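All you need for the numbering used here is the position in the sequence shown, starting with 1, plus 3.
Backbone N, C-alpha and C define an ideal beta-carbon position, used for all residues, glycine too.
Note that the coordinates shown come from a computational prediction; the quantities given were computed from them, not determined experimentally.
All remarks here apply to the structure that follows.
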Amino acid sequence: MWNLEPLDHLPKPALYHQLAVALSHLLHGERDFLANAANTAALLFHTLPDLNWVGLYRWIEPELVLGPFQGKPACVRIPLGRGVCGTAAAQRKTVVVPDVHAFPGHIACDPASRSEIVIPLLVGTQLIGVWDMDSPKPHRFDETDRLGLERLMQILLHASWPDPVPLPEPRPLTEAPPHPHTRPGP
Numbered sequence: 004m005w006n007l008e009p010l011d012h013l014p015k016p017a018l019y020h021q022l023a024v025a026l027s028h029l030l031h032g033e034r035d036f037l038a039n040a041a042n043t044a045a046l047l048f049h050t051l052p053d054l055n056w057v058g059l060y061r062w063i064e065p066e067l068v069l070g071p072f073q074g075k076p077a078c079v080r081i082p083l084g085r086g087v088c089g090t091a092a093a094q095r096k097t098v099v100v101p102d103v104h105a106f107p108g109h110i111a112c113d114p115a116s117r118s119e120i121v122i123p124l125l126v127g128t129q130l131i132g133v134w135d136m137d138s139p140k141p142h143r144f145d146e147t148d149r150l151g152l153e154r155l156m157q158i159l160l161h162a163s164w165p166d167p168v169p170l171p172e173p174r175p176l177t178e179a180p181p182h183p184h185t186r187p188g189p
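Take a look at the structure:
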């Protein structure tokens, strides 16, 4: 059984630090990517405030395909370059959308969503999928969220891949991230 103390009273940098510790422990010893993604989605959905959807879209060429998630039923397939998820996958960089109604081509799986962040998941230069998080609150995600969530996704990838993704050295969440580490794909 997994038990996590409430963290909602912490400032964001401390919250993401505690989530990084918790996620590392939760995923320790498990290599199955889908199982780890399922536990990651549950941890984030039940820990972070103001979320209505959290989960994985896997890259299965030529499109993104729904994976483990928490929230209402979602769109199953997203073409590369379409919506926030498809855009993040095509650009291979995190996309933060303060107001989804202002994002051209936004795919509304849940009409309650008002803001979104999507983080591409890369092993070396190979796209594995994207991590999608939606909120019913406009402007929910900021730079601290981006840095914290990118770190959590590195923990997920590091735990899951047979040739683990090197983790960057811990740094304050107020600093810009280093250039991504690259390594050959699986």
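Could you check the C-alpha separation between residue i and residue j for me, to the nearest Å?
i      : j      : result
VAL98  : THR90  : 8 Å
PRO141 : HIS28  : 32 Å
ARG85  : VAL24  : 34 Å
LYS96  : PRO123 : 6 Å
LEU10  : ALA17  : 9 Å
GLN73  : PHE48  : 6 Å
GLU153 : TYR19  : 10 Å
GLY132 : HIS12  : 31 Å
ILE81  : LEU67  : 5 Å
Could you pull out every residue in the same chain whose Cβ sits closer than 7 Å to the Cβ of residue i, ignoring the five residues on either side in sequence?
i     : result
PRO65 : LEU83
Could you give the C-beta distance for residue i and residue j, rounded to a whole number, given that I count them as a contact under 8 Å?
i     : j      : result
PRO71 : LEU59  : 6 Å
THR43 : LEU125 : Actually they do not touch by this definition, with Cβ atoms about 16 Å apart.
DSSP state of residue i, grouped into three classes?
i      : result
SER118 : strand
PHE106 : coil
On a Cα-Cα basis, can you pick out the residue from the options that is closest to residue i?
i     : options                           : result
GLN21 : HIS161, ILE110 and LEU46          : LEU46
TRP56 : CYS112, ASP145, ALA162 and GLY127 : CYS112
PHE36 : TRP134, LEU150, ARG149 and THR147 : TRP134
Identify, in the order they occur along the chain, each residue of the same chain with its Cβ nearer than 6 Å to the Cβ of residue i, setting aside the five sequence neighbours on each side.
i      : result
GLU119 : VAL87, VAL100, VAL103 and ASP137
Any heavy atom of the ligand GTP within a distance shorter than 7 Å of the CB on residue i?
i     : result
PRO65 : As for the ligand GTP, it is missing from this structure, which has no ligand bound.
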